[in-house]
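S.K.: Could you have a look at this structure, given as structure tokens, before my questions?
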Amino acid sequence: MNSITDAVFSSWELNLWVLIPAAAIAIVYARGWRQLRRRAPHRLGLSHFVAFYAGLITILIALMSPLDAFAGWLL
Numbered sequence: 004m005n006s007i008t009d010a011v012f013s014s015w016e017l018n019l020w021v022l023i024p025a026a027a028i029a030i031v032y033a034r035g036w037r038q039l040r041r042r043a044p045h046r047l048g049l050s051h052f053v054a055f056y057a058g059l060i061t062i063l064i065a066l067m068s069p070l071d072a073f074a075g076w077l078l
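Under our numbering, the residues of the sequence shown are numbered 4 to 78, in order.
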């Protein structure tokens with residue numbers, strides 16, 4: 004790999020102040036979704052579950068990635 008790729012992959016910040024609340028939110032949502040899915044499967048589809056986790060992953064990438072540090076170079 005070249006130096007730019009190494010810099011991108013090595014500058015990710017694993018911040019526990021972001022990861023722990025996100026994990027707690029993910030667990031609470033999964034438990035709630037499962038309980039509601041048992042009660043009313045026609046109202047809560049798999050698409051709700053996938054959309055929530057896609058949004059959560061997007062937020063985690065935005066908060067922990069080096070996007071801001073490389074903004075000048077990328078744009």
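By construction, the Cβ of each residue, glycine as well, lies at the ideal position given by its N, Cα and C atoms.
Out of Leu49, Met67, Gly75, Leu78, point me to the one whose CA is closest to glutamate 16's CA.
M.R.: Locating residue 16 in the sequence shown gives position 13, counting from the first residue. Closest by alpha carbon: Met67.
S.K.: Kindly indicate which residue of Leu59, Leu70, Leu78 has the alpha-carbon position closest to the one of valine 21.
M.R.: By 1-based counting over the sequence shown, the position of residue 21 is 18. Closest option to valine 21, Cα to Cα, is Leu59.
S.K.: First and last residue of the alpha helix (DSSP H) that includes alanine 43?
M.R.: Within the sequence shown, the letter at position 40 stands for residue 43. Note, alanine 43: premise wrong, no alpha helix (DSSP H); not H, not E.
S.K.: State the Cα-Cα distance for the pair tyrosine 32 and phenylalanine 12, rounded to the nearest angstrom.
M.R.: By one-based count along the sequence shown, residue 32 stands at place 29. By one-based count along the sequence shown, residue 12 stands at place 9. Cα to Cα, tyrosine 32 sits roughly 30 Å from phenylalanine 12.
S.K.: Isoleucine 28: which of Ala43, Phe52, Asn5 sits nearest, CA to CA?
M.R.: Taking the first residue of the sequence shown as 1, we reach residue 28 at position 25. Comparing alpha carbon positions, the residue from Ala43, Phe52, Asn5 closest to isoleucine 28 is Phe52.
S.K.: Skipping 5 residues on each side, what residues in its chain have a beta carbon closer than 8 Å to that of arginine 40?
M.R.: Locating residue 40 in the sequence shown gives position 37, counting from the first residue. Same-chain partners within the cutoff: Leu47.
S.K.: Candidates Ala25, Leu19, Leu49, Asn5: which alpha carbon is nearest threonine 61's?
M.R.: Residue numbering aside, residue 61 sits at position 58 when the sequence shown is read from its first letter. From the listed residues Ala25, Leu19, Leu49, Asn5, the smallest Cα separation to threonine 61 is found for Ala25.
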